[in-house]
Structure formats: C-alpha cells, structure tokens
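Chains as they are written, first to last, in this note's numbering: chain D, 97 to 460; chain U, 3 to 287. Every residue, glycine too, gets a C-beta built ideally from N, C-alpha and C. It should be emphasised that the depicted structure is a prediction, and the values quoted were computed from it without experimental measurement.
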Amino acid sequence: MSNRPTDMSGTSLIGGAEVRSSRPLPVLLIRIAAVGAALALAPLWLGDSRVLMGVAVLGLAFVCYTIGFNLIFGSTGQLFLCVGALAGVGGYGAAILADRVGLSIVASILLATLAATFTGGLLSFVAVRRSLGVIFTGIVTLIFSLSFEALVLGLSDLTGGDTGRLIDSGTDTFLRDRIPPYYVMLALVLVFLLIHGLLRRSHIGWAFRALRDDEVAAELAGVDVARYRVYAALIGAAMLGLAGSTYAFTEGRISPTTFGFGEVDVVVLVMLAFGGIGTLFGPILGAVVFTVLDEVLIEFGQLRVVAYGILIIALFLWMPRGLIPTTASLWRRVRGLEGSSAAKSTDSAARNLKAVSGESQSPE
Amino acid sequence: MTANILDGIVLGLQFGLLAAGLTLVYGLGGVLNLAYGQMAVVAAIVISLAMDAGLPVFPAVAVGLLAGGMFGLLLDLTLLRPVYRRRDEARVLLSLLLTLGVSFIVDGFLVWRYPLEALSLHIRGGAIEILGVPMRRGSLVASAITLITFAGLYVFFQRTTLGRAVRSVIEDEEGARLVGIYPNRMLRLILILSGVLAGLVAVTRAMITPVDVHSGLSITVFALIVTVVGGLGNVAGALLAGIILGIVNVIAADLIGSYISLIILLGAAAVTILIRPAGLLGVKE
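Laid out in structure tokens, this is it:
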C-alpha cells in the first residue's frame with residue numbers, strides 16, 4: 097500500500113487546509129492570549145457548581161489530548177489510536193509513583209510524563225522503521241491501547257482494576273479545590289498551544305507540512321521524514337502524558353474508563369475532525385463545542401450517541417476538512433468576491449504553488 | 003495439551019469467522035467497515051426479538067441473517083457511495099470515519115431502545131468427548147457452523163462463476179471491468195455477504211457467550227486485528243490467523259493467567275504485523 101495520496105480530485109482528509117503560518121509572532125501570541133482570556137472566564141458562571149467545574153476541567157483535559165493528537169496525526173499523518181493509553185501511562189504512572197513510591201506530586205508527574213513520552217516515541221519509531229501506512233500505524237497503536245487496558249485491569253492491586261484507584265496524594269492541596277484545577281489545566285492548554293504555534297513557525301513545522309503533503313517529495317527535498325515523525329510523536333506523547341497525569345491528580349480517582357479507547361480516543365478523533373485536522377485552534381473549538389454539547393444534551397442519554405453518529409457522518413460528507421478550514425475558505429471566498437485584490441492574489445498564488453507541487457485543482 | 007489445542011481451535015474458528023466478513027469487504031472495496039461489530043449486534047438483537055415474539059429458533063436466525071445482509075446492502079446503497087468515489091488511502095480513511103458514525107448511531111439506538119436485550123443460544127445436551135477431551139456441545143456446534151461457512155466460502159470463490167468474478171475484482175479492478183464485470187455490483191454482493199457473515203458471528207458467539215447491545219466495539223476490534231494479521235482481504239489468511247491466535251491465547255491463558263494471555267495475544271498480533279505487514283498469507287504489493 098502506498099503512502100502517497102493519489103486522490104487529487106477531492107480534498108485530502110488529513111490537513112489540506114493550511115492556515116498561513118508565517119504571520120508575525122505577536123499575532124500568534126495575541127490569538128493564544130485571547131483564547132486563554134475567553135476560557136478563563138468560564139468559572140465566573142460555572143464556579144458555583146462542583147459538578148459543572150468537574151465537567152469543565154475534563155473538557156480542558158480533552159483540549160490537551162486533542163492538541164497532542166493533532167500534533168501527531170494532524171502534523172505528520174501518524175494515526176495514533178492510543179491517546180487514552182498514553183494519557184493513562186501518565187495518569188496511572190503518576191498516581192502509583194506518588195501513592196506507592198512516595199515521590200512528590202511534581203516529581204511523579206514529570207517521571208510519568210517521561211514514561212509516556214518514551215512510549216509514544218517508541219511506537220512511532222517502530223512504525224516509521226517498518227514504514228507502516230496510516231491504517232497499520234492505527235492498528236498497531238490500537239493493539240497497544242488494548243494491551244494497556246488489559247494490563248490496567250490485570251494489575252488490580254496497583255491500579256484498582258475495574259473499579260479504579262483513588263489517589264491519596266494531593267487530597268489536601270489546591271488541586272482538589274473547586275476552581276484552581278481549572279486554571280491549572282487551562283495553563284497546560286495555553287502552553288501546549290504556544291508550543292504547537294511556535295513549532296509551526298519553525299523549521300520543524302515546515303518539515304511537518306512538507307512530509308504530510310507529499311512524503312516522497314519531502315524526502316527528495318532533504319527532509320528526514322522518519323526523524324520528524326518521531327519528533328512529532330515524542331512531543332505529542334509528552335503532552336498526552338502531562339495532561340493525563342495532571343488530570344489524574346485534579347480528579348482524585350482514575351479508572352480504566354478515564355483513559356479508555358472508546359471514552360478518549362474515539363472522542364478525541366471526533367473533536368479534532370470537527371475543529372479541523374492540522375489546524376492550530378481546531379482542537380480547542382472541537383473539544384469545547386463537544387464538551388458543551390454533551391452537557392446540554394445530557395438528559396437525552398443514549399440518544400446523544402445517535403446524534404453524534406449523525407454529526408460525524410454529516411461532518412465527513414460535507415466538510416471533511418473540519419469547521420475552521422471550511423469557514424476560513426468560505427470567508428476568503430466571500431472577501432474575494434467583494435473585490436479585495438490582496439486576498440485574491442494570495443489565493444491565486446497559493447493555487448499556483450499547489451499546481452506546481454502537483455496538486456491539480458479544478459478552476460473555479 | 004490436547005485440550006488446550008482443541009479449545010484454541012474452537013476460539014480460533016470464532017476469531018476466523020469474525021474476520022471473514024471484514025476482510026472480504028476490505029479486499030474487494032478498500033473499505034474498512036468499523037460498523038461491522040454493530041452489524042453482528044443488530045443481527046443478534048433481531049434474532050432475540052424474533053424469538054421473544056414467539057418465532058422458533060431457525061426462522062428467527064434466518065430473519066437475523068437477513069437483517070445483517072440488509073444492513074450491508076443499506077450501507078452500500080447510501081453511505082459508501084461517496085466512499086467509492088475516492089481512491090486508496092483516502093477511501094480507507096473516509097470509509098472508516100463514516101462507518102464509525104454508523105456504529106455510534108446503531109449503538110446509541112440499541113442501548114437506548116433495548117438496553118437489556120441479549121442473545122444467547124443454549125444448545126441442550128451434555129459434553130461430547132473428542133480425542134479424550136470433553137467439549138461443550140455449544141462450542142462444537144459453533145465450530146461446525148464456522149467450518150461449514152468457510153467451506154461454503156471456498157466453494158463460492160473457487161468453483162462458481164460469480165465467486166471468480168469477485169476474485170477478479172480483488173486482483174485487478176480495471177482488468178475485471180475490461181472483461182465486463184461491474185466492480186460495484188460485486189461490491190454490493192460482498193457487502194450483503196459480509197452482513198450475513200456478521201450475523202453468523204452473532205449466532206455462533208451466542209452459543210458460547212451472550213451477545214448484548216454493548217458487544218459491537220469489541221467484535222469490531224478483534225475482527226480488525228485478526229483481519230490484519232491474516233492479511234487484509236485474505237479469507238484463508240483470516241482463518242489461519244484466527245486459529246493461531248486462538249491457540250496462542252488458550253495456551254497462554256492456561257500457562258500464565260488470563261489477563262497476561264490477552265496481552266500475549268495482542269503482542270503476537272503486533273509482532274506479526276510488524277514482521278509481515280502484508281499478513282500471514284498476504285502477498286506483498
């Protein structure tokens with residue numbers, strides 16, 4: 097099976113839409129700050145309810161997961177179906193290190209994050225070495241997910257098995273208060289966004305884009321595809337491990353469903369696809385929208401799942417690139433029709449570039 | 003040891019049947035159907051409801067298999083249309099995501115409407131001794147059905163014109179088109195067949211453990227793993243992979259313990275994929 101996309105007529109599912117990344121640095125910082133400020137206001141009207149704050153913290157954890165997954169899948173096309181498992185390596189690792197080994201919370205979070213980073217890097221290294229395609233990478237990482245779940249269920253004296261594990265460390269700190277955990281997770285989100293944003297501007301970001309658009313061409317142009325894939329997996333897995341372990345301490349209780357395949361990976365995939373695979377702010381949009389939607393529709397119980405199924409299908413049929421790229425290109429088109437020559441010229445320049453790189457487009 | 007191998011074969015036949023329907027659709031259409039487990043669950047629930055309504059077992063099973071086939075036909079007629087317009091990896095990805103959506107819809111509906119419905123088919127009668135090992139009657143009937151199914155698939159693909167036409171599409175879609183075979187019609191046929199096979203998965207599984215509305219995801223996941231180990235699109239490979247993994251699982255369970263045995267099973271699958279990405283019986287492209 098060749099890795100090279102041969103589908104030239106439609107838009108590719110991975111990436112495709114590239115928000116221009118050469119904007120000046122202050123613009124990036126202002127945008128991230130704006131997102132942070134908007135999200136920082138949430139406790140003002142949710143803060144009274146412990147339940148709703150819990151939902152909000154989980155929502156931010158999902159934003160983190162989605163950013164990490166986006167870095168791995170969206171940037172370099174490696175379908176890692178072990179988002180929950182990598183976060184679980186962080187979560188379970190940190191909980192066990194803190195409670196059983198007696199390390200401090202910070203040290204155990206760092207060590208567990210390191211373990212998740214190493215695991216993610218190893219998976220990517222193996223996949224790259226065997227040059228597995230998207231689907232095979234997906235299967236191998238799915239197998240890792242299932243093994244992790246079996247291990248968690250099996251080592252029940254360490255992990256608490258099916259019922260889960262209560263985390264004793266950190267019970268009397270601010271991590272278990274009502275509002276501070278929200279800001280801890282929000283800080284993680286902003287740091288992750290900043291890292292991803294800076295990466296996109298750097299030579300690593302250029303390499304990511306090159307290898308995602310056309311692996312063979314990138315390799316020929318001197319991009320070490322294998323190395324950059326492993327880089328992306330290392331950074332993404334570090335994010336997943338850090339978010340998972342931090343979330344474990346704020347929640348105080350972890351169970352197999354906290355990091356389950358159906359509960360995390362599938363959801364993260366949907367969130368990312370909704371927001372826009374490969375975009376910087378897509379993960380935020382997708383995760384926030386789905387968290388809110390899930391809470392609003394909670395009284396419908398299982399029918400929610402039906403609604404999500406319909407939403408997924410509609411999404412991939414009509415806007416496979418996700419919400420942000422689709423609306424962005426609509427916006428650009430509207431501006432183009434209004435006669436803004438600047439936008440038009442950059443658009444046609446982009447089109448020319450694409451034509452040169454072999455991605456033929458039908459004339460509008 | 004004999005007991006282990008026999009148990010392994012029983013489990014392995016289950017695995018093999020699990021993968022058959024999935025691997026056919028992938029081999030023929032490049033479509034990865036993540037709603038495959040839900041097809042089986044739908045068939046199981048239909049059979050269970052039919053039996054609740056007073057239908058005898060055999061007509062109920064027939065209705066269930068029909069429901070599975072209809073599910074496949076429905077997928078082919080609706081959602082897979084846009085999928086067929088794409089090629090290669092884009093096709094696999096789109097099919098995977100759309101059928102993931104279908105699996106959500108089916109799961110959500112079934113859990114909402116029939117939360118407690120489950121299918122278990124008890125085969126009356128005591129254990130039967132084979133090679134000195136007492137085997138449960140349900141396992142034997144399930145294995146027999148699986149073997150007959152595989153024999154039927156073999157005859158269909160090797161001996162009938164229609165089956166050969168299907169194989170020609172698997173081998174070379176353009177070439178098949180040139181000699182007057184419509185790949186799309188073959189694909190529709192195979193989707194219906196895959197639905198019926200999913201129904202058979204439900205029936206044979208129900209003879210050993212109950213199939214409830216939550217079984218979908220795990221059926222899909224194991225079908226996927228066996229499919230990949232056997233070689234995508236290879237029915238004989240699926241059977242072989244299923245039996246090997248089944249024996250590995252049972253022996254590991256006997257020697258070490260049950261949760262490690264699952265990890266060993268998964269590890270064996272991973273190693274096979276890494277060593278032979280084309281699958282056990284696969285041909286490298």
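Applying a beta-carbon distance threshold of less than 7 Å, which residues of chain U neighbour residue i?
i	result
residue 169/D	By Cβ distance, chain U contributes nothing, its closest Cβ being about 11 Å from residue 169/D, past 7 Å.
residue 398/D	110, 113 and 114
Smallest Cα separation from residue i: which of the options?
i	options	result
residue 411/D	381/D, 366/D, 397/D and 399/D	366/D
residue 194/U	38/U, 59/U and 71/U	71/U
residue 231/U	25/U, 16/U, 4/U and 6/U	25/U
residue 130/D	282/D, 242/D and 270/D	282/D
residue 259/U	126/D, 246/D and 136/D	246/D
residue 28/U	125/U, 202/U, 253/U and 96/U	96/U
residue 372/D	165/D, 197/D and 208/D	165/D
residue 416/D	35/U, 93/U and 42/U	93/U
residue 327/D	174/D, 120/D, 392/D and 192/D	174/D
residue 49/U	123/U, 146/U and 91/U	123/U
residue 40/U	159/U, 181/U and 77/U	77/U
residue 191/U	75/U, 47/U and 35/U	75/U
residue 271/D	349/D, 404/D and 260/D	349/D
residue 335/D	369/D, 361/D and 288/D	288/D
residue 421/D	374/D, 140/D, 145/D and 385/D	374/D
residue 131/U	63/U, 79/U, 279/U and 4/U	4/U
residue 62/U	31/U, 202/U, 102/U and 22/U	202/U
Could you name the residues of chain D that residue i contacts, counting a contact when the two beta carbons are closer than 7 Å?
i	result
residue 262/U	250
residue 150/U	Residues of chain D passing the Cβ test: none, with the nearest at roughly 29 Å.
residue 109/U	401
residue 159/U	Within 7 Å Cβ-Cβ: nothing; residue 159/U doesn't reach chain D, min ~22 Å.
residue 271/U	239
residue 31/U	Here the premise fails: no neighbours, minimum Cβ distance about 14 Å.
Looking at the unbroken alpha helix (DSSP H) that takes in residue i, where does it start and where does it end?
i	result
residue 230/U	218-232
residue 132/U	From DSSP, residue 132/U is part of no alpha helix (DSSP H) but of the beta strand (DSSP E) over 130-132.
residue 322/D	321-347
residue 256/D	Neither: residue 256/D is in no alpha helix (DSSP H) and is coded neither H nor E.
residue 127/D	121-136
residue 277/D	276-297
residue 376/D	Where residue 376/D is concerned, there is no enclosing alpha helix (DSSP H), given that its DSSP letter is neither H nor E.
residue 149/D	146-165
residue 117/U	It is not in any alpha helix (DSSP H) - residue 117/U carries neither H nor E in the DSSP assignment.
residue 211/D	201-225
residue 180/D	179-192
residue 245/D	230-250
residue 196/U	185-208
residue 251/U	237-257
residue 405/D	399-414
residue 83/U	82-86
Could you give the residue range of the beta strand (DSSP E) that holds residue i?
i	result
residue 311/D	No beta strand (DSSP E) holds residue 311/D; the alpha helix (DSSP H) holding it covers 311-316.
residue 137/U	135-137
What residues from chain U crowd round residue i, counting only those whose CB sits closer than 9 Å?
i	result
residue 394/D	Those within 9 Å of residue 394/D in chain U number zero; the least Cβ separation is about 14 Å.
residue 226/D	275, 276, 277 and 279
residue 179/D	The contacting residues do not exist; residue 179/D stays about 15 Å from chain U at best.
Residues of chain D with a CB under 9 Å from the CB of residue i: which are they?
i	result
residue 76/U	Chain D residues near residue 76/U: none, gap ~13 Å exceeds 9 Å.
residue 17/U	Chain D residues near residue 17/U: none, gap ~14 Å exceeds 9 Å.
residue 227/U	235, 238, 239 and 242
Taking residue i as the query, report the chain C residues whose CB atoms sit under 7 Å from its CB, ordered along the chain.
i	result
residue 358/D	The displayed structure is made up of protein chains D and U, and chain C is not among them.
Residues of chain U with CB under 8 Å from residue i, in chain order?
i	result
residue 222/D	276
residue 408/D	99, 100, 102, 103 and 106
For residue i, go through chain D and note every residue whose CB falls closer than 8 Å to its CB, in chain order.
i	result
residue 84/U	413
Pick out the complete alpha helix (DSSP H) segments inside the stretch 149-175 of chain U, 4 residues or longer, and give them in chain order. 163-173
With a cut-off of 8 Å, do at least 3 Cβ pairs link the stretch 158-175 of chain U to the stretch 9-17 of chain U? no
Under 8 Å, with one C-beta from each stretch per pair, do the stretch 230-237 of chain D and the stretch 304-324 of chain D reach the 3-pair mark? no
Inter-stretch contact (C-beta, 8 Å, three-pair minimum) for the stretch 171-187 of chain D and the stretch 337-350 of chain D: yes
I'd like to know if the stretch 243-253 of chain U and the stretch 265-284 of chain U are in contact, where contact means that at least 3 CB-CB pairs between them fall below 8 Å. yes
Where in the stretch 19-75 of chain U do unbroken runs of the alpha helix (DSSP H), each at least 4 residues long, occur, reported from the N-terminal end onward? 38-54
Assess contact between the stretch 391-402 of chain D and the stretch 109-123 of chain U, defined as three or more Cβ pairs (one per stretch) separated by less than 8 Å. Is contact present? yes
Below 8 Å, can you find three or more Cβ-Cβ pairs linking the stretch 222-230 of chain D to the stretch 291-308 of chain D? no
The stretch 215-223 of chain U in contact with the stretch 51-67 of chain U per 3-pair CB rule at 8 Å: no
With a cut-off of 8 Å, do at least 3 Cβ pairs link the stretch 375-395 of chain D to the stretch 195-206 of chain D? no
Between the stretch 417-425 of chain D and the stretch 123-140 of chain U, are three or more C-beta pairs nearer than 8 Å? no
Any chance the stretch 252-267 of chain U sits against the stretch 258-268 of chain D, with 3 or more Cβ pairs inside 8 Å? no
Any contact between the stretch 350-364 of chain D and the stretch 215-223 of chain D? By contact I mean 3 or more CB pairs, one from each, below 8 Å. no
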